[in-house]
């Protein structure tokens with residue numbers, strides 16, 4: 001049973017990392033920053049970063065993910081999101097994902 005859980009966790013991590021690697025590429029493909037709305041919704045993030053609901057939910061749970069705009073759930077300042085994505089590194093996301101799995 002433990003072997004199956006480890007294999008499943010490894011596959012989930014690989015899938016998660018695949019999506020995170022695509023985030024950098026997605027940022028390059030994003031509309032011009034001036035064309036993006038000042039406040040991004042969950043739908044905007046999923047479309048622009050090309051990630052699923054579950055991946056977005058995991059990212060939102062990360063401790064340093066930007067907080068909601070004026071406390072409105074699912075709304076984030078564009079500049080905060082762009083800054084957060086730019087500072088992210090694969091190693092960092094791996095560590096954060098492991099912490100999420102432990103909690």
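In UniProt numbering, the protein residues as written are 1 to 103. From the three backbone atoms N, C-alpha and C, an ideal C-beta is built for every residue, glycine too. Predicted, not measured: the structure shown is a model, and the values here were computed from it.
| Item | Value |
| --- | --- |
| Is DSSP giving residue 99 helix, strand or coil here? | helix |
| Count the other CB atoms within 10 Å of the CB of residue 10; is the residue buried (16 or more) or exposed (fewer)? | exposed |
| Starting from residue 40 and walking both ways along the beta strand (DSSP E), at which residues does that stretch end? | 39 to 41 |
| For the region 47 to 54 against the region 67 to 77, do three or more pairs of beta-carbon atoms, one drawn from each stretch, fall closer than 8 Å, so that the two count as touching? | no |
| Mapping the DSSP letters down to three states, classify residue 49 as helix, strand or coil. | helix |
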